[in-house]
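*Asks:* Quick one: the structure is below, and I'll ask about it shortly.
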Amino acid sequence: MGKLYDAFVESTVVMGLLVIMFGATMCYMYATQVPVPDGLIALETLLAGFWLRSKAGVEVRKSIIQDQAATQPPEE
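All residue numbers for the sequence shown refer to my numbering, where the first residue is 101 and numbers rise by one.
Next up, the structure:
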């Protein structure tokens with residue numbers, strides 16, 4: 101449960117759901133042969149790029165914290 105809460109705090113889950121939601125909307129529009137507006141394509145691309153950058157930033161922060169914890173001497 102803690103990991104899910106952390107993901108919501110860091111917004112990777114919310115952004116991921118938005119990316120999936122807009123992606124599914126675009127796929128539905130393509131499948132039903134409805135013209136997809138350029139704004140929707142741009143929005144989906146923007147959200148996907150932001151989500152991937154956010155996800156990478158979270159992983160970098162986690163690895164930095166782990167490295168710092170590994171290099172600190174144990175407290176007595």
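All C-beta atoms in this analysis are idealised placements derived from N, C-alpha and C, irrespective of residue type, glycine included.
Would you please state the rounded distance, in angstroms, between the beta carbons of V114 and A148? I believe it to be under 8 angstroms.
*Replies:* In fact, because the Cβ distance is near 14 angstroms, the residues do not count as touching under 8 angstroms.
*Asks:* Check V113 in the structure and name its three-state DSSP category.
*Replies:* The answer is helix: DSSP assigns V113 an H, G or I state.
*Asks:* If distances are taken between C-alpha atoms only, which option among Y130, L146 and S163 comes closest to G116?
*Replies:* Looking at the Cα atoms, L146 is the closest of the given residues.
*Asks:* Please report the straight-line C-alpha distance between Q166 and E159, rounded to a whole angstrom.
*Replies:* If I take the Cα positions, the gap works out to 11 angstroms.
*Asks:* Within this structure, are the beta carbons of E144 and M129 separated by less than 8 angstroms?
*Replies:* Not closer than 8 angstroms, so no.
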